[in-house]
Structure formats: structure tokens, C-alpha cells
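The working numbering puts the first residue of the sequence shown at 35, with every later residue one more than the last.
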Amino acid sequence: MVTKTLVVMGDPQLTTTPEHPRGAMLRAYEKATGKEVGAVLMAAPQSASPMTYLVDGKQYIVVATSGGNYSGEYVAFTLPGR
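Structure, rendered in C-alpha cells:
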């Protein structure tokens with residue numbers, strides 16, 4: 035997904051962090067520089083393009099995830115307010 039200032043994409047590589055034994059990442063990059071500006075761990079890799087919507091002034095990003103033994107789901111993230 036591309037916005038005015040960001041590129042948001044799933045990283046399908048399974049990742050392990052101290053807090054989570056296994057998962058994939060959703061990452062956001064600054065469009066002008068390519069610098070990573072955010073990342074969240076997901077239970078399974080992204081299986082479709084992320085989408086965004088606005089409800090009552092709050093911005094959301096929704097990602098479909100699935101793979102392996104994970105049956106899949108839609109995961110919604112809220113973006114920080116201004």
C-alpha cells in the first residue's frame with residue numbers, strides 16, 4: 035500500500051522476537067528515504083494487499099493474514115492520531 039508519504043508492506047519471512055516465538059512483520063517505510071518508520075509482528079504472513087480506511091476521524095490499516103497451519107484472519111491496526 036502506498037500513501038502520500040509511506041509504503042506499507044508485509045514481510046513474509048517468519049521472524050522471532052523475545053516477546054513472540056514466531057510471526058511475520060508488517061513494515062512501514064518513508065517513501066522519500068526508504069527508512070523504516072514502523073513495524074508490527076503478525077501471527078502469519080500477509081496474504082493480500084493492505085487496505086486503509088477512515089472512521090470517525092480514526093485511520094485504520096487492515097491486513098489479511100494466513101499460511102501454513104494458520105487458518106487466516108483480517109487484522110486491523112489503528113494509526114496514531116494527530
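Even for Gly, the Cβ is constructed at its ideal location relative to N, Cα and C.
Residue i versus the options, residue with shortest Cα-Cα distance
{"i": "residue 145", "options": "85, 107 and 58", "result": "Missing from the structure shown is residue 145; the chain here goes from 35 to 116 and no further."}
{"i": "residue 65", "options": "109, 42 and 57", "result": "42"}
{"i": "residue 83", "options": "39, 52 and 46", "result": "46"}
{"i": "residue 104", "options": "77, 72, 62 and 110", "result": "77"}
{"i": "residue 38", "options": "62, 100 and 99", "result": "62"}
{"i": "residue 57", "options": "71, 75 and 69", "result": "75"}
{"i": "residue 114", "options": "93, 99, 101 and 100", "result": "93"}
{"i": "residue 96", "options": "52, 71 and 110", "result": "110"}
Buried or exposed by the 16-neighbour rule on C-beta atoms within 10 Å, applied to residue i
{"i": "residue 80", "result": "buried"}
{"i": "residue 112", "result": "exposed"}
{"i": "residue 73", "result": "exposed"}
{"i": "residue 89", "result": "exposed"}
{"i": "residue 44", "result": "buried"}
{"i": "residue 99", "result": "buried"}
Counterpart residues of residue i in DSSP-defined beta bridges
{"i": "residue 47", "result": "Answer is none; residue 47 lacks a bridge partner."}
{"i": "residue 92", "result": "89"}
{"i": "residue 75", "result": "59"}
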